[in-house]
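See structure below.
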Amino acid sequence: MLLLKAWILCILLIGISSIGYCSIKLDINGRERGHIKNKIDLGNLADTDFCDLLNKAVMFYKVQRAGRLPDDDIPWRGNSALQDASPGSQPDANGDGDLSKGYFDAGDHVKFGFPMAGSMTMLGWGYLQNKEAIENCGASKIYLEDLQWGWDWLMAAHISPNEFCGQVGNAEADHAYWGPPELMTMPRPTMMIDQDNPGTELALEASAALAICSMVMQDIDPSYAANCLQHSKDLNNFGDTYRGIYSNSIPDAQNYYKSFSGFNDELVWGNIWLYKATQDKSYLDKAVNYYTEYNVGKMAQQDSHDWDLKAPGAALLLSQIFPGNQTYINDIEGFLNWWLPGGGVPYTPGGLAWIRMWAPARYAATTSFLMSVYGGDKYTSFTVKQIGYILGNNPNQQSFVVGIGPNHPINPHHRASHHSLTDNIMSPVNNTYLHLGALVGGPGQDDSYKDDRTDYVKNEVACDYQAGFVGSLAFLASQQ
-10 MLLLKAWILC ILLIGISSIG YCSIKLDING RERGHIKNKI DLGNLADTDF CDLLNKAVMF
50 YKVQRAGRLP DDDIPWRGNS ALQDASPGSQ PDANGDGDLS KGYFDAGDHV KFGFPMAGSM
110 TMLGWGYLQN KEAIENCGAS KIYLEDLQWG WDWLMAAHIS PNEFCGQVGN AEADHAYWGP
170 PELMTMPRPT MMIDQDNPGT ELALEASAAL AICSMVMQDI DPSYAANCLQ HSKDLNNFGD
230 TYRGIYSNSI PDAQNYYKSF SGFNDELVWG NIWLYKATQD KSYLDKAVNY YTEYNVGKMA
290 QQDSHDWDLK APGAALLLSQ IFPGNQTYIN DIEGFLNWWL PGGGVPYTPG GLAWIRMWAP
350 ARYAATTSFL MSVYGGDKYT SFTVKQIGYI LGNNPNQQSF VVGIGPNHPI NPHHRASHHS
410 LTDNIMSPVN NTYLHLGALV GGPGQDDSYK DDRTDYVKNE VACDYQAGFV GSLAFLASQQ
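Take the sequence shown: its letter number 235 is residue 224 in my numbering, and every next letter is one higher.
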């Protein structure tokens, strides 16, 4: 009844309008509270079909799939990495290893557990945040399939309460091969974390992803959701009890995904998401205490939310859980304001927020998503402008999304879509297949860019790049 009354009050306040709508949310004590949202000004992106872009962008993960593929959604991709397996495991009825699924990280074919888990967390957050828009765009089926392919792998990798398979494939051997994954033949070792070789940030990130799984799936497949939640709880306990830097335990990851920020941010991040999934206040208490003890709010400042650092997202979530708490407000707004023009982050002459040279577009896209979640005109206008730049609304009229927009890339640094049959990055001249909807790394600080397959700094694609980009597109679709 209270929900109905709040909804009626909201309708009376805004009337029947094409630009306003009502929604009901729960405060921290579960009380219903109505609020009014107004559509943001999309400026010169108003005529952009964000539903179409979203549907193309979520297909990215279909291209990145490993394992035995259950569909032909990407006709040029086939079965691969079928022997990937955890130590001592037995193949399934098809002869496939228990770790054969999951995602190839980027333009290569390693399964790096830490960024894979982080990508599933961010992709899942985007779904929770913009579920209605995703449904209205007809993107739910593919979006959920993307998530479940990753969740399945994370649960398979968690072979016992205190053991997790953190990487499959030797990075050096993998990168020495330039060809499609269907034809690779090199050995693919599995690398572990356990109580003697801990990896707190990896365990807590996987826990966060699977906590979101339980939230997304609870009304779709309660049994699957419960399985995700049990893994999430066990991984949380494992990572918190046996603490250590994951890339010290998996040294092969150090040249690619070394943990620079440590695990204090993931201790907060993982406990927040498990609290949101369970409403068990003990997880929230731990998150709050760790946030203070490890000064995670300071970690969030003048940096990026990314596969390594979760402090900005943690500050944002705590500001939502504790509305009016000035500490969390100052921390998240300090982070966001630094990204605004004049706030401190460098900008290219054409207008991209450019924090560092390696794939700057992914940082701008992920920050755009965080801006959209926090809300407010000055923050959502950042989302509009940054995604606009990425789509080609810049002085060079250069899109950074494969197959979309003006002068779009066709030759990302990506082995599967290039499809060389001669182990040669230069042959064929152009990629054989179009990795449609994939976000590439982005321009130099002077807006310079060349569609050069050999340039893995500016022109590679990756699971973590795409996750924040998808979330931003889903938000913009919700505004049309």
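For every residue, glycine included, the Cβ atom is placed at its ideal position computed from N, Cα and C.
Short Cβ contact (8 Å threshold) for residue i with residue j
i: S203; j: A214; result: yes
i: L380; j: V390; result: yes
i: Y235; j: G155; result: yes
i: F101; j: T189; result: no
i: D440; j: N385; result: no
i: P432; j: L341; result: yes
i: V459; j: V205; result: no
i: F371; j: W343; result: no
i: Y92; j: G139; result: yes
i: A128; j: N44; result: yes
i: W258; j: A197; result: yes
i: A354; j: I376; result: yes
i: A463; j: I123; result: yes
i: M144; j: N216; result: yes
i: N151; j: F39; result: no
i: N448; j: H402; result: yes
i: W142; j: L88; result: yes
i: D502; j: K51; result: Outside the modelled stretch of the chain, which goes from -10 to 469, sits residue 502, for which no answer is possible.
i: S467; j: N119; result: yes
i: L31; j: L465; result: yes
i: G392; j: L425; result: yes
i: I414; j: W167; result: yes
i: T369; j: S293; result: no
i: A146; j: S75; result: yes
i: G339; j: Y378; result: yes
Beta-bridge pairing of residue i - partner residues as DSSP gives them
i: L428; result: V390
i: A342; result: Y336
i: I511; result: Since the first and last residues shown for the chain are -10 and 469, residue 511 lies out of range.
i: E449; result: H402
i: Y279; result: For Y279, which the question treats as bridged, DSSP gives no partner whatsoever.
i: G56; result: S69
i: K100; result: V157
i: Y454; result: For Y454, which the question treats as bridged, DSSP gives no partner whatsoever.
i: Y92; result: R54
Whole-Å CB distance - residue i paired with residue j, under 8 Å assumed
i: H98; j: D163; result: 5 Å
i: V429; j: V450; result: 6 Å
i: S49; j: Q455; result: Note that residue 49 is Phe in the sequence shown here, rather than Ser. Confirmed, about 5 Å.
i: D453; j: S108; result: 5 Å
i: G364; j: M111; result: So it is not a contact: roughly 18 Å between Cβ atoms.
i: T337; j: Q434; result: 6 Å
i: I321; j: L298; result: Contact doesn't hold; Cβ gap of about 14 Å is too wide.
i: V285; j: A300; result: 5 Å
i: S461; j: S361; result: 6 Å
i: L224; j: F311; result: In fact, because the Cβ distance is near 25 Å, the residues do not count as touching under 8 Å.
i: K470; j: G56; result: Only positions -10 to 469 of the chain appear in this structure, which leaves residue 470 out of reach.
Reference residue i, options the options, closest by Cα
i: D412; options: A55, P169, M48 and Q291; result: P169
i: M173; options: W142, D73, G77 and R232; result: D73
i: D36; options: D436, P398 and N382; result: N382
i: P64; options: E171, A242 and A198; result: E171
i: R345; options: A300, V446, N260 and Q309; result: V446
i: L256; options: Y166, L273, Q118 and D444; result: L273
i: L58; options: E134, N420, F153 and K45; result: E134
i: Q268; options: D229, Q375, L218 and Y283; result: L218
i: I131; options: K299, D60 and G392; result: D60
i: S248; options: P187, D30 and A276; result: P187
i: H397; options: S388, R404 and I148; result: S388
i: A95; options: S406, K120 and F358; result: S406
i: I201; options: H147, A160 and I261; result: I261
i: A503; options: N225, N244 and V362; result: Coverage of the chain is limited to positions -10 through 469, which leaves residue 503 absent and any answer about it impossible.
i: L325; options: L359, P240 and K222; result: L359
i: E282; options: Q309, Q207, D254 and C126; result: D254
i: A137; options: R54, L71 and G67; result: According to the sequence as given, residue 137 is Gln; it is not Ala. Here the closest residue by C-alpha is R54.
i: L199; options: A106, M181 and Y116; result: A106
i: L193; options: D62, A466 and Y231; result: Y231
i: D436; options: L423, P335 and S467; result: P335
i: T179; options: Q469, G86 and G426; result: G86
i: G77; options: N319, I148 and K265; result: I148
i: A242; options: M181, K222 and K90; result: M181
i: G331; options: I310, A350 and Q291; result: Q291
i: M288; options: F311, G323, Y264 and L263; result: G323
i: Q469; options: T443, Y280 and N125; result: N125
i: P176; options: L423, S250 and S69; result: S69
i: D208; options: A146, K90, I318 and L117; result: L117
Contact test: residue i Cβ vs the ligand ADP heavy atom, cutoff 7 Å
i: D320; result: Summarising the ligand content, the structure contains no ligands, and the ligand ADP is consequently not present.
Requested in this report: Mind listing, in chain order, the continuous beta strand (DSSP E) runs of no fewer than 3 residues lying wholly within the region 199 to 255?
Outcome: none
Report task. Identify every run of the alpha helix (DSSP H) within the region 353 to 381, keeping only runs that are complete inside it and at least 4 residues long; order them along the chain. Result -> 366 to 379
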